[in-house]
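Each residue of the sequence shown is one higher than the one before, starting from 113 at the first, in this note's numbering. All residues carry an ideal CB built from backbone N, CA and C; glycine is no exception. For clarity, every value in this text was computed on a predicted model and none was experimentally measured.
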Amino acid sequence: MTDRWLRVPELPSSLASIAGGSFLLILGAMSCGWCVFRFLRLRGTPVPFNPPEELIQTGLYGRVRNPMLTGVFLALFGAGLLLHSISIVLIWTPGYILAHVLELKLVEEPELERRFGMAYSEYRNRVPMFFPRVWRKQ
């Protein structure tokens, strides 16, 4: 689609791209599913008009602040690999990440800080936004 419009070649098909794309797509879907389950269990939703009443800091939320978006990013990148799409891998996925970083920094995080105060500030300083740290922050 976009690749044809941009006249870029497809990514080469290989066992690595199929296995890697499948793994990332499944991992991303599982992350999103886990988040939906957590929201429902706490009687809230990820949409602003019905947020959970408590700051979730356990499970995946103890590793990254936005595991649902991390899941979407992984799934989108994985789909790009499976579809052999350079534009999904190099344009759409990074663009989607950039758009969400801006939205989180300008809208969501100030709102969470207003709602949860110091608890959110400490959480934000301790837990990375999207991708877990391999090593512990000192």
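C-beta contact flag for residue i and residue j at 8 Å
i: Thr-182; j: Phe-243; result: yes
i: Pro-164; j: Leu-154; result: yes
i: Leu-136; j: Val-201; result: no
i: Leu-214; j: Gly-132; result: no
i: Ser-199; j: Asp-115; result: yes
i: Met-241; j: Leu-216; result: yes
Spatially closest choice to residue i from the options, by CA coordinates
i: Ile-138; options: Arg-177, Leu-186, Glu-122 and Thr-114; result: Leu-186
i: Trp-146; options: Leu-195, Val-184, His-196 and Pro-222; result: Val-184
For residue j and residue i, the rounded distance between their alpha carbons
i: Arg-119; j: Phe-189; result: 20 Å
i: Val-246; j: Glu-225; result: 26 Å
i: Ala-191; j: Arg-177; result: 23 Å
i: Leu-239; j: Leu-152; result: It is Val, not Leu, that sits at residue 239 in the sequence shown. C-alpha separation (whole angstroms): 23 Å.
i: Arg-227; j: Cys-144; result: 24 Å
N-terminal and C-terminal residue of the alpha helix (DSSP H) that residue i is part of
i: Phe-242; result: Per DSSP, Phe-242 belongs to no alpha helix (DSSP H) and is neither H nor E.
i: Ser-134; result: 127 to 153
i: Thr-170; result: Here Thr-170 belongs to no alpha helix (DSSP H), and DSSP marks it neither H nor E.
i: Gly-174; result: First-last for Gly-174: undefined, no H or E at that position.
i: Gly-183; result: 179 to 194
i: Arg-116; result: 114 to 118
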